[in-house]
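J.: Quick one: the structure is below, questions incoming.
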Amino acid sequence: MSEFKVHQRDGEGVSVIDLKGYLDAHTAPDLENAFQKLIDEKKFNIVVNCKDLSYISSAGLGVFMAYIEDVRKNQGDIKLTNMSAKVYNVFDLLGFPILYEIYKDEQEAVGKFAARK
Amino acid sequence: MSRLKKILFISGALVVFLTVYVVDVVRHTVSVDLEGALYLREGAIIGAFFLLYLFIRGERLGKPIAIPKSIGKLLMVSVLVILVGSMVVFFGRSPAGEGEGEPPYFAIVHLLSVVFGLTLGLFSINTLLTIKDLLLHKRRKGTKRNLVVYVVLLMCASVLSFPMMSGELPLAPTLLFAASVVMIVVNSFKQNWIVYLSRREKLYSIGYSALLFLAFIALNLLTTQSPVDQVISSFHYPLKTFAQLNAIFGAVYFGMAFISTLFHLPTAEVYERKQSELTSLHNLSRLVTQVFDFSDLVNTVTAMTLEVVGAKSAWLELIKERGANGQVAVEVVSNRNISHEMIEVITMDSESSLRRLVLDSKRALLIDDAGSDRRTRHIKKQGVSIGSLLSVPLVSQGEPIGFLHATKDFEFGFDQDDIDVMTTFADHVTIAIENSKLIEKSLKRERYQQEIMVAQQMQKRLLPQRLPYYACLDIAAVSEPSMEVGGDYYDFVKLDGDRLGVVVGDVSGKGVSAAFYMAEVKGIFQSISKLCASPRELLLRSNESLTESLERKAFISLLYGIIDMQKGTLTVARAGHCPMIYVSGLDARMVRPSGIGLGLTNDRMFEEATQETTLELRKDDLCIFYTDGINESRNHEGEEFGFDRLVQAALGSRFQSAENIKQTILTEIRNYTGDSSYGDDMTLVVIKWLGHLEA
Numbered sequence: 001m002s003e004f005k006v007h008q009r010d011g012e013g014v015s016v017i018d019l020k021g022y023l024d025a026h027t028a029p030d031l032e033n034a035f036q037k038l039i040d041e042k043k044f045n046i047v048v049n050c051k052d053l054s055y056i057s058s059a060g061l062g063v064f065m066a067y068i069e070d071v072r073k074n075q076g077d078i079k080l081t082n083m084s085a086k087v088y089n090v091f092d093l094l095g096f097p098i099l100y101e102i103y104k105d106e107q108e109a110v111g112k113f114a115a116r117k
Numbered sequence: 001m002s003r004l005k006k007i008l009f010i011s012g013a014l015v016v017f018l019t020v021y022v023v024d025v026v027r028h029t030v031s032v033d034l035e036g037a038l039y040l041r042e043g044a045i046i047g048a049f050f051l052l053y054l055f056i057r058g059e060r061l062g063k064p065i066a067i068p069k070s071i072g073k074l075l076m077v078s079v080l081v082i083l084v085g086s087m088v089v090f091f092g093r094s095p096a097g098e099g100e101g102e103p104p105y106f107a108i109v110h111l112l113s114v115v116f117g118l119t120l121g122l123f124s125i126n127t128l129l130t131i132k133d134l135l136l137h138k139r140r141k142g143t144k145r146n147l148v149v150y151v152v153l154l155m156c157a158s159v160l161s162f163p164m165m166s167g168e169l170p171l172a173p174t175l176l177f178a179a180s181v182v183m184i185v186v187n188s189f190k191q192n193w194i195v196y197l198s199r200r201e202k203l204y205s206i207g208y209s210a211l212l213f214l215a216f217i218a219l220n221l222l223t224t225q226s227p228v229d230q231v232i233s234s235f236h237y238p239l240k241t242f243a244q245l246n247a248i249f250g251a252v253y254f255g256m257a258f259i260s261t262l263f264h265l266p267t268a269e270v271y272e273r274k275q276s277e278l279t280s281l282h283n284l285s286r287l288v289t290q291v292f293d294f295s296d297l298v299n300t301v302t303a304m305t306l307e308v309v310g311a312k313s314a315w316l317e318l319i320k321e322r323g324a325n326g327q328v329a330v331e332v333v334s335n336r337n338i339s340h341e342m343i344e345v346i347t348m349d350s351e352s353s354l355r356r357l358v359l360d361s362k363r364a365l366l367i368d369d370a371g372s373d374r375r376t377r378h379i380k381k382q383g384v385s386i387g388s389l390l391s392v393p394l395v396s397q398g399e400p401i402g403f404l405h406a407t408k409d410f411e412f413g414f415d416q417d418d419i420d421v422m423t424t425f426a427d428h429v430t431i432a433i434e435n436s437k438l439i440e441k442s443l444k445r446e447r448y449q450q451e452i453m454v455a456q457q458m459q460k461r462l463l464p465q466r467l468p469y470y471a472c473l474d475i476a477a478v479s480e481p482s483m484e485v486g487g488d489y490y491d492f493v494k495l496d497g498d499r500l501g502v503v504v505g506d507v508s509g510k511g512v513s514a515a516f517y518m519a520e521v522k523g524i525f526q527s528i529s530k531l532c533a534s535p536r537e538l539l540l541r542s543n544e545s546l547t548e549s550l551e552r553k554a555f556i557s558l559l560y561g562i563i564d565m566q567k568g569t570l571t572v573a574r575a576g577h578c579p580m581i582y583v584s585g586l587d588a589r590m591v592r593p594s595g596i597g598l599g600l601t602n603d604r605m606f607e608e609a610t611q612e613t614t615l616e617l618r619k620d621d622l623c624i625f626y627t628d629g630i631n632e633s634r635n636h637e638g639e640e641f642g643f644d645r646l647v648q649a650a651l652g653s654r655f656q657s658a659e660n661i662k663q664t665i666l667t668e669i670r671n672y673t674g675d676s677s678y679g680d681d682m683t684l685v686v687i688k689w690l691g692h693l694e695a
């Protein structure tokens with residue numbers, strides 16, 4: 001199994017998290033730490049780029065659930081972008097598209113934050 | 001040696017001596033002179049002494065040699081012999097001696113000489129055997145040889161001392177006597193037994209050997225006294241030389257023993273201490289394997305500390321935690337002859353506390369004079385008095401885990417040896433403590449393991465123990481957790497109006513928390529399924545109950561279907577779960593009404609998203625419920641089994657029984673994954689519609 005990597009990029013008023021590899025129960029704490037760090041730094045406009053995310057398990061999905069409430073309470077949001085069909089299917093099965101904004105393209109998501117200002 | 005043999009030896013010897021005595025008396029009375037008989041008589045006496053030797057050796061055999069005690073016994077016997085000898089001298093010089101020659105008088109005098117000769121012979125043999133034991137204690141290669149040479153010379157010298165033999169070889173007895181004395185001196189240098197005596201035993205040995213030396217000198221003098229000389233000669237001539245040489249041996253040997261014990265006395269204490277150190281370390285290394293009771297272990301450690309370095313008090317501390325600024329929190333786990341308050345005073349935590357000093361150096365700390373040493377001056381101020389103090393760290397894999405302290409009442413109480421021994425001792429203690437902790441840990445783990453096994457049994461009972469039976473349905477089901485306990489769930493519920501509820505669910509995450517949620521889901525499902533008219537309603541009400549109790553990152557996916565056996569329909573609602581696979585003839589498709597996982601969102605959004613769908617069942621239609629462990633099973637390349645393979649497996653086996661279809665799917669998955677173990681819990685429920693109920 002390939003490893004999992006979280007990389008953070010800070011743009012203007014928007015933070016982008018790049019995910020790579022397998023997100024499951026073992027690797028979920030890495031993403032949790034990244035979210036916690038952003039919230040601690042009061043960066044609530046978050047885009048998660050799933051371009052290189054090859055798999056996500058239910059524990060991985062749980063990470064998004066754990067932080068969305070805090071982020072939205074602070075007028076921020078977590079938007080998801082660039083998902084492969086397979087990963088989207090997992091999100092979709094669970095009904096995530098109803099709960100999260102999912103975009104094809106990272107720029108589109110960043111643009112949504114900008115437009116709101 | 002058997003009892004019978006001993007009795008034979010002693011009685012044989014006594015018979016010989018008695019016969020010799022009787023013959024002597026008769027011979028004297030009748031005055032018969034037979035040259036040959038004389039040789040026979042002396043030979044018989046030598047033989048009888050040999051029998052006595054065998055008897056005494058047999059008596060001593062198998063009894064452990066207690067050294068100062070055996071010398072003490074010899075001393076007692078020697079005093080007795082001297083007393084008898086003195087009596088002989090006294091009576092021998094009495095005027096009555098003038099009347100020698102009268103037969104009745106001769107009988108009495110000769111009896112006395114036989115008895116005395118016998119006593120002296122026995123004593124000489126005993127002396128020789130006692131010295132033999134001392135010589136052979138921690139013997140070297142030549143030790144026994146030297147002794148044997150002496151004994152052979154002794155025998156030859158004794159036998160050749162017959163007056164009638166000396167005629168032919170006048171110098172031989174003298175030469176042999178001289179050679180024996182030389183061997184006596186050679187043998188007397190072997191005094192190895194002294195080294196192994198304790199101080200007390202050495203003191204005894206000094207007394208005994210000094211007295212024995214004097215006793216043997218006295219015996220030597222006695223044997224040369226004319227009455228004794230006469231008495232012995234009249235009984236058995238060789239006995240004189242034999243007794244004399246042995247008396248010389250005794251005098252020389254115990255004289256040497258006296259001197260060497262005297263020289264060994266100053267080292268006695270050192271030797272004793274080394275021995276007790278050795279014993280203690282040996283005991284501890286044995287203790288290392290017996291560490292099931294922690295408090296026993298630490299108490300033994302402090303007790304042994306007192307023993308090993310001869311300390312007044314000792315205590316053992318284990319580090320509980322270390323602060324960032326070097327402060328240490330310790331727990332005194334065992335203390336001897338010292339109160340906790342005193343320990344508090346002595347080790348008072350300050351910038352230069354004893355523990356810090358030991359920690360910084362990671363080596364033993366010695367305070368020779370606690371009263372004036374700057375590091376411990378505070379102790380005296382608090383009214384606690386100690387002379388000297390030794391503290392050693394317990395270091396495990398480079399990390400200090402505790403301290404062992406020992407104190408003495410006087411200054412300069414510990415020397416370099418003590419430090420070395422305490423340091424070695426501390427290493428053993430560390431290993432013992434670590435082992436004890438490891439054992440405790442593994443016992444705890446074993447207990448957890450057992451608890452998990454109980455949980456596994458409990459969880460298995462939460463799944464249906466028997467599948468429901470209906471004439472129009474063929475049902476097969478399986479659920480395998482990937483770990484001991486899992487988060488998968490399936491269940492059936494019999495509803496009114498010939499309806500059957502089927503549910504399959506999956507709790508996010510794994511292990512114990514998932515198992516708890518699964519139990520909660522079962523409770524909710526069983527209690528409200530009969531109250532809900534439709535699958536959708538059940539999901540709505542379940543979400544309501546679960547949103548409250550689930551932690552934020554946890555959620556549950558559920559697929560719930562109700563089969564109406566009168567209408568021949570299946571109504572399905574889905575809460576974020578894998579879609580149902582529906583196979584009808586050659587047509588296979590995913591049934592996927594929209595819906596969100598339970599516990600993800602509030603009721604309004606959930607209600608809006610959740611739909612249900614109804615299928616008209618035809619004969620031999622297949623409905624397959626499963627969890628993502630099925631389609632996400634991976635092969636060695638990390639590729640998933642996927643929905644397509646699942647559907648193909650179902651299509652390929654659609655004419656078979658539900659049980660066979662289930663087996664086919666599992667076999668396909670196993671073939672696909674190979675020996676890579678299942679990554680997730682797997683649950684599979686196969687339902688085949690056999691046709692409408694006959695009215």
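First to last, the sequence lines map onto chains A and B. Heads up, the first sequence is in this note's numbering, so the first residue is 1 and it goes up one at a time. Heads up, the second sequence is in this note's numbering, so the first residue is 1 and it goes up one at a time. Glycine residues also receive a C-beta, built at the ideal position from the N, C-alpha and C atoms.
Rounded to whole angstroms, how far is the Cβ of residue 252/B from the Cβ of residue 188/B, which I believe are closer than 8 angstroms?
T.: As a first step, residue 252/B is located in the second sequence; it is residue number 252 there, counting from the start. As a first step, residue 188/B is located in the second sequence; it is residue number 188 there, counting from the start. That pair is a contact at about 5 angstroms.
J.: Which value, in whole angstroms, describes the spacing of the CA atoms of residue 5/A and residue 680/B?
T.: Counting from 1 along the first sequence, the entry for residue 5/A is found at position 5. Counting from 1 along the second sequence, the entry for residue 680/B is found at position 680. So the two alpha carbons sit approximately 22 angstroms from each other.
J.: Name the one or two DSSP bridge partners that residue 388/B has.
T.: Against the second sequence, residue 388/B aligns to sequence position 388. Bridge partners of residue 388/B: 408/B.
J.: What in chain A is Cβ-close to residue 603/B, meaning under 9 angstroms?
T.: Within the second sequence, numbered from 1, the residue matching residue 603/B stands at position 603. Chain A residues near residue 603/B: none, gap ~13 angstroms exceeds 9 angstroms.
J.: Please confirm whether residue 556/B and residue 517/B have their CB atoms less than 9 angstroms apart.
T.: As a first step, residue 556/B must be located in the second sequence, where it is residue number 556. As a first step, residue 517/B must be located in the second sequence, where it is residue number 517. Cβ atoms of residue 556/B and residue 517/B: closer than 9 angstroms.
J.: If you run the structure through DSSP and keep just helix, strand and coil, what is residue 625/B?
T.: Taking the second sequence and counting its residues from 1, the one referred to as residue 625/B is at position 625. Three-state DSSP puts residue 625/B in a strand.
J.: Skipping 5 residues on each side, what residues in its chain have a beta carbon closer than 8 angstroms to that of residue 473/B?
T.: Your numbering for residue 473/B matches position 473 in the second sequence. Excluding residues within five positions, the ones whose Cβ falls inside 8 angstroms are 500, 563, 565, 687, 688, 689 and 690.
J.: Please classify residue 96/B: does DSSP put it in a helix, a strand, or coil?
T.: Counting from 1 along the second sequence, the entry for residue 96/B is found at position 96. Note that residue 96/B scores 45 on pLDDT, short of 50, meaning its location in the model is unreliable and no value can be drawn from it.
J.: Residues of chain B with a CB under 9 angstroms from the CB of residue 85/A: which are they?
T.: Counting from 1 along the first sequence, the entry for residue 85/A is found at position 85. Simply none; closest approach about 12 angstroms.
J.: What does residue 596/B reach in chain A if we use C-beta pairs closer than 9 angstroms?
T.: Position 596 of the second sequence, counted from the start, is the residue given in the question as residue 596/B. The contacting residues are 94, 95, 96, 98 and 99.
J.: Compare the beta carbon distance of residue 171/B and residue 153/B with 9 angstroms and say whether it is the shorter of the two.
T.: The sequence position of residue 171/B within the second sequence is 171, counting from 1. The sequence position of residue 153/B within the second sequence is 153, counting from 1. Cβ distance not < 9 angstroms, so residue 171/B and residue 153/B don't count as in contact.
J.: For the alpha helix (DSSP H) containing residue 14/A, name the first residue and the last one.
T.: Position 14 of the first sequence, counted from the first residue, corresponds to residue 14/A. Where residue 14/A is concerned, there is no enclosing alpha helix (DSSP H), given that its DSSP letter is neither H nor E.
J.: Closer than 9 angstroms, Cβ to any Cβ of chain A: which residues of the stretch 612-624 of chain B, in chain order?
T.: Going along the stretch 612-624 of chain B in chain order, one finds no residue with a Cβ nearer than 9 angstroms to chain A.
J.: So which of 387/B, 226/B, 360/B and 421/B has the shortest CA-CA distance to residue 280/B?
T.: If you number the second sequence from 1, residue 280/B lands on position 280. Closest by alpha carbon: 421/B.
J.: List the residues of chain A whose Cβ lies closer than 9 angstroms to the Cβ of residue 578/B, in chain order.
T.: Here the question's residue 578/B lines up with position 578 in the second sequence. The contacting residues are 93.
J.: Give the residues from the stretch 4-27 of chain A that approach chain B closer than 7 angstroms (Cβ to any Cβ), ordered along the chain.
T.: Hits within the stretch, in order: 25.
J.: Contact defined as beta carbons within less than 8 angstroms: I believe residue 410/B pairs with residue 387/B. What is the distance between those atoms, to the nearest angstrom?
T.: The sequence position of residue 410/B within the second sequence is 410, counting from 1. The sequence position of residue 387/B within the second sequence is 387, counting from 1. Between residue 387/B and residue 410/B the Cβ distance is about 4 angstroms, and since that is below 8 angstroms, they are a contact.
J.: Let's test the definition: count the other Cβ atoms within 10 Å of the Cβ of residue 111/A and tell me whether it reaches 16, buried, or not, exposed.
T.: Translated into positions along the first sequence, residue 111/A becomes position 111. Looking at its Cβ environment, which holds fewer than 16 other Cβ atoms inside 10 Å, residue 111/A is exposed.
J.: Since I believe residue 593/B is in contact with residue 569/B (beta carbons under 8 angstroms), could you give me their beta-carbon distance rounded to a whole number of angstroms?
T.: Numbered from 1 along the second sequence, position 569 holds the residue referred to as residue 569/B. Numbered from 1 along the second sequence, position 593 holds the residue referred to as residue 593/B. In fact, because the Cβ distance is near 14 angstroms, the residues do not count as touching under 8 angstroms.
J.: Give the range of the beta strand (DSSP E) segment to which residue 319/B is assigned.
T.: Counted from its first residue, the second sequence places residue 319/B at position 319. Element bounds for residue 319/B: 313-322.
J.: So, does the CB of residue 680/B fall closer than 9 angstroms to a CB anywhere in chain A?
T.: Taking the second sequence and counting its residues from 1, the one referred to as residue 680/B is at position 680. Yes, residue 680/B lies at the interface with chain A (some Cβ there is under 9 angstroms from its Cβ).
J.: If we count the other Cβ atoms within 10 Å of its Cβ and call it buried at 16 or more, is residue 240/B buried or exposed?
T.: Here the question's residue 240/B lines up with position 240 in the second sequence. With 16 or more other Cβ atoms within 10 Å, it is buried.
J.: Taking the alpha helix (DSSP H) that residue 549/B falls in, what are its first and last residues?
T.: Locating residue 549/B in the second sequence gives position 549, counting from the first residue. It spans 535-549 - the alpha helix (DSSP H) in which residue 549/B sits, taken as one unbroken run.
J.: Using CA atoms only, rank isn't needed, just tell me which of 468/B, 604/B and 314/B is closest to residue 407/B.
T.: Here residue 407/B corresponds to residue number 407 of the second sequence, with the count starting at 1. Closest option to residue 407/B, Cα to Cα, is 314/B.
J.: With a cut-off of 8 angstroms on the beta carbons, I'd call residue 28/B and residue 91/B a contact; round off their distance for me.
T.: Looking up residue 28/B in the second sequence gives position 28. Looking up residue 91/B in the second sequence gives position 91. Rounded, the Cβ-Cβ distance is 19 angstroms, inconsistent with contact.
J.: Taking the C-alpha atoms as reference points, what is the distance between residue 704/B and residue 104/B?
T.: In this structure chain B extends from 1 to 695, so residue 704/B is not present and cannot be described.
J.: Give the residues of chain B in contact with residue 41/A, contact being defined as C-beta atoms less than 8 angstroms apart.
T.: Numbered from its first residue, the first sequence carries residue 41/A at position 41. Within chain B, no residue comes near residue 41/A; the closest Cβ sits about 21 angstroms away, beyond 8 angstroms.
J.: Tell me the residue span of the alpha helix (DSSP H) that contains residue 649/B.
T.: For the purposes of this step, residue 649/B is taken as the residue at position 649 of the second sequence. It spans 642-652 - the alpha helix (DSSP H) in which residue 649/B sits, taken as one unbroken run.
J.: Run through the DSSP bridge pairs and tell me what residue 8/A is partnered with.
T.: Taking the first sequence and counting its residues from 1, one reaches residue 8/A at position 8. Partner(s): 17/A.
J.: Is residue 139/A near residue 67/A, with beta carbons less than 9 angstroms apart?
T.: What is shown of chain A runs 1 to 117, which leaves residue 139/A out entirely.
J.: When you compare the CB of residue 546/B with every CB in chain A, is at least one pair closer than 9 angstroms?
T.: Locating residue 546/B in the second sequence gives position 546, counting from the first residue. For residue 546/B, the answer is no, since every Cβ of chain A falls outside 9 angstroms of its Cβ.
J.: Output the residue ranges of the alpha helix (DSSP H) runs that lie fully inside the stretch 415-463 of chain B and measure 4 residues or longer, sorted by chain position.
T.: 416-462, all fully within the stretch 415-463 of chain B.
J.: CB-CB under 7 angstroms to residue 298/B, same chain, minus the five flanking residues each way: which ones, in chain order?
T.: Start at 1 with the first residue of the second sequence, and residue 298/B comes out as number 298. Only 316, 333 and 334 meet the Cβ criterion.
J.: Consider the Cβ of residue 48/A: report whether some Cβ of chain B lies at a distance smaller than 9 angstroms.
T.: For the purposes of this step, residue 48/A is taken as residue 48 along the first sequence, with counting starting at 1. It does not: the Cβ of residue 48/A has no partner Cβ on chain B nearer than 9 angstroms.
J.: Compile a chain-ordered list of the residues in the stretch 396-420 of chain B whose CB is closer than 8 angstroms to at least one CB of chain A.
T.: Answer set for the stretch 396-420 of chain B: empty.
J.: Could you give the residue range of the beta strand (DSSP E) that holds residue 687/B?
T.: As a working note, residue 687/B is residue 687 in the second sequence. Residue 687/B -> beta strand (DSSP E) spans 682-689.
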